[in-house]
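Colleague: One structure, as structure tokens, below. Some questions next.
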Amino acid sequence: MEIDTTNMCSHLKRKLFEEEGPYHKIWLALQADNELTAIVRSRQLHIYRNGKKVLILAGKAAPKVLMEDRINDGLKM
113 MEIDTTNMCS HLKRKLFEEE GPYHKIWLAL QADNELTAIV RSRQLHIYRN
163 GKKVLILAGK AAPKVLMEDR INDGLKM
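One point on numbering: in my numbering, the residue at position 10 of the sequence shown is 122, and numbering is uninterrupted.
This is how it looks when you write it as structure tokens:
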């Protein structure tokens with residue numbers, strides 16, 4: 113999966129792409145699961161499963177869990 117990171121918050125980029133980042137497991141899950149899609153909106157990453165939004169990740173704010181999903185297990189809080 114490729115994501116246009118042009119408008120992504122720099123804090124979110126570090127949390128998502130660096131191996132020690134708290135959201136890195138979610139990035140790996142996005143790569144492995146064909147049912148998941150993601151798009152950057154308003155500097156945040158919106159994650160969907162089969163077209164339904166399940167999670168919003170932001171750089172400095174807490175993640176917003178919108179639906180129960182196994183991808184939420186990747187959150188390190």
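Glycine included, C-beta positions come from ideal geometry on N, C-alpha and C. All of these numbers come straight from a predicted model, not from anything done at the bench.
So what's Ala174 in DSSP terms, helix, strand or just coil?
Modeller: The residue labelled residue 174 in the question sits at position 62 within the sequence shown. If DSSP states are grouped into helix, strand and coil, Ala174 belongs with coil.
Colleague: Quick check: what's the CA-CA separation for Tyr160 versus Ala174?
Modeller: Translated into the one-based positions of the sequence shown, residue 160 becomes position 48. Translated into the one-based positions of the sequence shown, residue 174 becomes position 62. When rounded, the distance between both Cα atoms is 18 Å.
Colleague: According to DSSP, is Arg161 helix, strand or coil?
Modeller: Residue mapping note: residue 161 aligns to position 49 of the sequence shown, counting from 1. Arg161: strand per DSSP, three-state reduction.
Colleague: Could you say which of Leu148, Met113 and Lys137 lies nearest to Val211 if we only look at CA atoms?
Modeller: Because the chain is modelled from 113 through 189, residue 211 falls outside the range shown and cannot be assessed.
Colleague: Mind checking which residues open and close the alpha helix (DSSP H) that includes Arg153?
Modeller: Translated into the one-based positions of the sequence shown, residue 153 becomes position 41. It is not in any alpha helix (DSSP H) - Arg153 instead sits in the beta strand (DSSP E) that spans Leu148 to Arg153.
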